[in-house]
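> Chains as they are written, first to last, in the working numbering: chain A, 60 to 302; chain B, 60 to 302.
Even for Gly, the Cβ is constructed at its ideal location relative to N, Cα and C.
Okay, here's the structure, questions in a sec.
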């Protein structure tokens, strides 16, 4: 039921501290919500706690509670509401089974929610099996991140933890750690290891010191123009497209 | 001089209709503004008409007029002002010299300002010589587009026009037109033509009918996961990284 208290709760989920406190996040838009509903019907993905739509979308979402456009405008995390909004429980992050895995992406302080979402989307496209986030990487349940994954978020295996520990565990498990950075080996010439992890650095500062120290190889995307660098989401996607 | 009228004018530039009417646009942030100033000192790029910074950035930008943080907050196009803001004249779009060119990117109704900016940035990195925009592609001088080019905007050759005419001219000039779409030939196996143009479709609808009809070849990026598609900026960047 869309009560005053529920409205207040959902509005609070626009802020990270309340998403953390309640363990909930917002999903908006027809495509994203449909994916979430379909995952739920298979007992997968993030569990839906609330589902609201405006009357014009009633036929598309018969399971949703209808609320007024004004109410929808007051709870959307976007400038313009797409007219359908779900609240879901943040799934617990899984323990990794490194024996079984061969291709991992490590995000070393990615700060832009849109970049994080784009990377998760590309990672699914190219069959990356798990994504590890450094403690300072932007929050997974930021509305912009959720949106730009275009549904991949609900299917991805994602883990957040200290990089140093992750690198130790990965190296013990015979992973080759590749750092994407300037002046590395050209990706097109690379002979990739079977078990591989790619480290992508932050938009502003690139690869961190701890990542540089732990990486086994540095690889680069060769450019010809004057641009200083590529967008972090683009760079990560290009490299994993070669795996 | 930062007068009341100037303040009003700059605020109006947050909207496309006033950017169009005045032929001006806003550039913000240290990196972007520095690139713009450096281009101007070589008589290149968009001509600066206004340059303002807050007092804490005075040493970095001695040529800027200092204004209060409150004034800066009132003219920035972003939630948080980076403290330095320039206004510049929109350069006239150049006539294309197709004889001289070999690699062109065509954007068929790209709608997201961030995607457009990312594509311009990647295009420079991979040495694309010109970018053609369909009439419905998002505006070049949207603040989000400007920002996400990370300076590449000031150096790019960009042209906007009817796709049908462009395709005719390009075909007459012996270009091979590649459309990025589902179920095309895999890019890794492609033998690219010397003179080539890549058509990238819109985020929601892909390649338009007129582009489909005019393209000589359809190419795809092979995926392995369940994701439905890649972000348009990522897809364009991956393909041109193979040229």
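1) Please state whether the Cβ-Cβ distance between residue 185 (chain B) and residue 279 (chain B) is less than 8 Å.
2) Under the three-state reduction of DSSP, which class applies to residue 132 (chain A): helix, strand or coil?
3) Using CA coordinates, which residue listed in B:159, B:91 and B:263 is at the minimum distance from residue 176 (chain B)?
4) Under a CB-based cut-off of 8 Å, is residue 173 (chain B) close to chain A?
5) What separation, rounded to the nearest whole angstrom, lies between the Cα atoms of residue 195 (chain B) and residue 265 (chain B)?
6) Please report the residue range of the alpha helix (DSSP H) in which residue 173 (chain A) lies.
7) Nearest to residue 132 (chain B) by alpha carbon, out of B:85, B:225, B:297 and B:142?
8) Please identify, using Cβ separations under 8 Å, the residues of the segment 281-301 of chain B that lie next to chain A, in order along the chain.
9) Using the three-state DSSP reduction, which class does residue 103 (chain B) fall into: helix, strand or coil?
10) Along the beta strand (DSSP E) that carries residue 238 (chain B), what are the first and last residues, could you check?
11) For residue 205 (chain B) and residue 171 (chain B), which I take to be in contact (beta-carbon distance under 8 Å), what is that distance rounded to the nearest angstrom?
12) Listing by chain order, which chain A residues have their CB less than 7 Å from the CB of residue 186 (chain B)?
13) For residue 245 (chain B), which residues of its own chain have a beta-carbon under 7 Å away from its beta-carbon, when the five flanking residues on both sides are left out?
14) Measuring CB to CB, does residue 144 (chain B) end up less than 8 Å from residue 111 (chain B)?
15) Spatial neighbours of residue 65 (chain A) within its chain, please: CB distance less than 8 Å, with the 5 preceding and 5 following residues excluded, ordered by chain position.
16) Name, going along the chain, the residues of the segment 197-218 of chain A whose beta-carbon falls closer than 8 Å to a beta-carbon of chain B.
17) Taking the alpha carbon of residue 286 (chain B) as the reference point, which residue from A:272, A:210 and A:288 has its own alpha carbon closest?
18) With 8 Å set as the bound, which would you pick, yes or no: does the beta-carbon of residue 270 (chain A) sit closer than that to a beta-carbon of chain B?
19) Along chain B, which residues have their Cβ under 7 Å away from the Cβ of residue 177 (chain A)?
20) In chain A, what lies closer than 9 Å to residue 93 (chain B) by C-beta?
21) Confirm, please, whether the CB-CB distance from residue 293 (chain A) to residue 293 (chain B) is below 8 Å.
22) If the criterion is Cβ atoms closer than 8 Å, does the pair residue 235 (chain A) and residue 255 (chain A) meet it?
23) So residue 65 (chain B) contacts chain A; which residues on that side make the cut at Cβ distance below 7 Å?
24) Please name the residue, chosen from B:275, B:242, B:224 and B:116, that lies closest to residue 192 (chain B) on a Cα-to-Cα basis.
25) Short of 7 Å Cβ to Cβ, which residues in the segment 144-166 of chain B face chain A?
26) I'd like to know whether the C-beta of residue 180 (chain A) is nearer than 8 Å to at least one C-beta of chain B.
27) Helix, strand or coil for residue 55 (chain B) per DSSP?
28) Roughly how many angstroms lie between the CA atoms of residue 180 (chain A) and residue 237 (chain B), to the nearest whole one?
29) List the residues that DSSP assigns as beta-bridge partners of residue 255 (chain B).
30) Check this for me: beta carbons of residue 122 (chain B) and residue 85 (chain B), under 8 Å apart or not?
31) For the alpha helix (DSSP H) that contains residue 204 (chain A), what are its first and last residues?
32) Sorted by chain position, which residues of the same chain lie with C-beta nearer than 8 Å to residue 263 (chain B)'s C-beta, five sequence neighbours on each side aside?
33) Taking only three categories from DSSP, how would you classify residue 87 (chain A)?
34) Tell me the DSSP secondary structure of residue 109 (chain A) in three-state form.
35) If you draw a straight line from the alpha carbon of residue 239 (chain A) to that of residue 60 (chain B), how long is it in whole angstroms?
Judging by the given coordinates:
1) no
2) helix
3) Closest by C-alpha distance to residue 176 (chain B), out of B:159, B:91 and B:263, is B:91.
4) yes
5) 13 Å
6) 172-184
7) B:142
8) 282, 283, 284, 285, 286, 287, 288, 289, 290, 292, 293, 296, 297 and 300
9) coil
10) That run of the beta strand (DSSP E) goes 235-245.
11) Not quite, the Cβ-Cβ distance comes to about 14 Å (not below 8 Å), so this is no contact.
12) 283 and 284
13) 279 and 281
14) For residue 144 (chain B) and residue 111 (chain B), yes; Cβs fall inside 8 Å.
15) 109
16) 207, 209, 210, 211 and 214
17) A:210
18) no
19) 290 and 293
20) Result: empty, since nearest Cβ-Cβ is about 12 Å, beyond 9 Å.
21) Taking 8 Å as the cut-off, the Cβ atoms of residue 293 (chain B) and residue 293 (chain A) count as close.
22) yes
23) In chain order: nothing, as chain A lies at least about 27 Å away.
24) B:224
25) none
26) yes
27) No statement about residue 55 (chain B) is possible, as the shown extent of chain B runs from 60 to 302 and does not include it.
28) 24 Å
29) B:162 and B:235
30) With a cutoff of 8 Å on beta-carbon distance, residue 122 (chain B) and residue 85 (chain B) are scored as not near each other.
31) Residues 202-207.
32) So the qualifying residues of the chain are 170.
33) Here residue 87 (chain A) sits in strand by DSSP.
34) Strand, per DSSP.
35) 45 Å
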